[in-house]
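Q:
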Amino acid sequence: MKNPVHGTPRGDSVALGGLSESGRALVSRLLSNPQVMEVMRNADGTVWVESADKGMHLTNESISEQDAIEILRASMNRSTLGREIPDTRNLIEGVLGEQRARVVGLLPPISTSPVFAIRKHARAMFSLDDYRDMGIVDSLRSNFVADRNTGELAEMSFEHPVDAIKYLVRERKNILIVGPAGSGKTTLANTLLNEIAEQTPGNRLIILEDAAELQTRIPNKVALTTSLDIDMRALLRITMRLRPDRIIIGEIRGWEAYTLLKGWTSGHPGGVATLHASDSQEALSKLSHYIFEEPAAQCFTSESIGWMISQAVDVVMVIGKSNNSAGRRVKEICEVRNYMNGRFHFNILRYQPNTGAYAFKSHM
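FYI, the working numbering numbers position 36 of the sequence shown as 49, with every residue one higher than the one before it.
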């Protein structure tokens, strides 16, 4: 079946002219609303929105099937850069508008009617001090039993968790940011890039992404995105020849994890990457599975992969949704200690009542 989105590539400003007047007004209103983070159309035409103030909710709006097709056509045209659009393609990935919002769409017969999700980039830039004031990085108080105190950061103490994060950036620790979808991983990564620009403005950053979302004020940077022909692993191999001081990955999704960890442990410390996971243990276990997807790593044992990860990833930061005013909260900041007996072991940053400071402590 011929894809209804198929057509001659053209700019989205022209393609959006195919929308109805109400469709154009709705898309413009939603994409220009600073509270809106994601816009979704289901097969029944209903429009769901995820916003900073209301979370995920059903609107009283609808988008017609023809308008949905025009939106997908516009997004695809912006991302194809003159390449021919396959007329049998039913999975659409592209970008929309000057904001270059990320679009994923499905067409019949995969779905009964066009389905899409438009994810806006995080436009606001925050500092770590902003995160402290907004309550995103707060007290990190919890009850646990301290075990023996080992690890590079175990003797350090900090007045506030933000001070610990600033120290990690200054000391060029490799930081993995994890959390579920929509938890604020990209915004937190941008905040760390802002701190890198503050502390080490002379560093050269190579930033690799599937879709351009990360932002930094640092002058010496190269931002690269994957394409149909160049995947993340290929970009990482190129990166090693571009003289990076720090390697930044928008999101780890597969076997490129192996190449990234090799880069982080071969003279390019101070990297930042994100990964979908709910906690630190799950994140590093997922990372090990990704590494085993790399053919060169399939002869390794689980112990050797675990050891490699523990040497490459210094810190895991877990962020999630919250009922605070910001809607987000950093839940854990963990130093990776080691890998033993099939598990990763961590020192977790927690408030110490006996000293009134924060410290990385192992736990039972």
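The C-beta atom is built at its ideal place from N, Cα and C for all residues, glycine as well.
Could you pull the DSSP bridge partners for R37 from this structure?
A: According to DSSP, R37 bridges with nothing at all.
Q: For F357, does the three-state DSSP call read helix, strand or coil?
A: Three-state result, F357: strand.
Q: Can you tell me which of P366, I332, R37 puts its alpha carbon nearest to the alpha carbon of S196?
A: The shortest C-alpha separation from S196 is found at I332.
Q: Does the contact criterion of 3 or more C-beta pairs under 8 Å hold for the stretch 315-328 versus the stretch 119-138?
A: No: fewer than three Cβ pairs fall under 8 Å.
Q: Using DSSP with H/G/I as helix, E/B as strand and the rest coil, what is M253?
A: The answer is coil: DSSP assigns M253 none of H, G, I, E or B.
Q: With H70 as the anchor, note down where its beta strand (DSSP E) starts and where it stops.
A: 68-75 is the span of the beta strand (DSSP E), which, as asked, contains H70.
Q: In whole angstroms, give me the CA-to-CA distance for L227 and G284.
A: The straight-line gap from Cα to Cα measures roughly 13 Å.
Q: From the DSSP secondary-structure annotation, give me the bridge partner or partners of K378.
A: Within the shown structure, residues of the chain are numbered from 14 to 377, placing residue 378 beyond reach of any answer.
Q: Enumerate in chain order the residues of its own chain whose CB-to-CB distance from A236 is below 7 Å, with the five nearest sequence positions on each side excluded.
A: Same-chain partners within the cutoff: I220, A225.
Q: Would you call the CB atoms of D327 and N187 closer than 9 Å?
A: Cβ atoms of D327 and N187: closer than 9 Å.
Q: First and last residue of the beta strand (DSSP E) that includes A225?
A: A225 -> no beta strand (DSSP E), and no H or E assigned at all.
Q: State yes or no: is the C-beta of H289 within less than 9 Å of the C-beta of G192?
A: Yes.
Q: Compute the beta-carbon to beta-carbon distance between G107 and S88, rounded to the nearest angstrom, for a pair I have assumed lies under 8 Å.
A: 3 Å between Cβ atoms; contact.
Q: Assign M321 to one of three DSSP states: helix, strand, or coil.
A: DSSP places M321 in helix when its eight states are reduced to three.
Q: Per DSSP, V235 is paired with what?
A: DSSP output for V235 lists I219 as bridge partner(s).
Q: Are the beta-carbon atoms belonging to H134 and T199 less than 9 Å from one another?
A: Yes, the pair counts as a contact, with Cβ atoms nearer than the cut-off.
Q: Decide yes or no for the touch test of the stretch 166-185 against the stretch 342-362: beta carbon pairs closer than 8 Å, at least 3 of them.
A: Touching, per the Cβ criterion.
Q: Give the secondary structure of R246 by DSSP, where H, G and I count as helix, E and B as strand, and everything else as coil.
A: R246 falls in the helix class under three-state DSSP.
Q: What first and last residue would you give for the alpha helix (DSSP H) that runs through L166?
A: Where L166 is concerned, there is no enclosing alpha helix (DSSP H), given that its DSSP letter is neither H nor E.
Q: Distance check for V49 and L109, CA to CA, integer angstroms please.
A: Each residue's alpha carbon lies about 15 Å from the other.
Q: Where does N351 fall in DSSP's three states?
A: In the structure shown, N351 sits in a strand (DSSP, three-state: E or B).
Q: Would you say N216 and M138 are within 9 Å of each other, going by their C-beta atoms?
A: Cβ distance not < 9 Å, so N216 and M138 don't count as in contact.
Q: Going by DSSP, what residue range makes up the alpha helix (DSSP H) through I304?
A: Per DSSP, I304 belongs to the alpha helix (DSSP H) from 293-305.
Q: Between G118 and L85, is the Cβ-Cβ spacing less than 9 Å?
A: The answer is yes: Cβ separation under 9 Å.
Q: For the stretch 302-315 and the stretch 260-278, state whether three or more C-beta atom pairs, one from each stretch, are separated by less than 8 Å.
A: Result yes; three or more Cβ-Cβ pairs closer than 8 Å.
Q: Please work out which residues of its chain come closer than 7 Å, Cβ to Cβ, to R67, disregarding the five sequence neighbours upstream and downstream, and give them in chain order.
A: First, the amino acid is wrong: residue 67 is Lys here, not Arg. So no residue of the chain qualifies.
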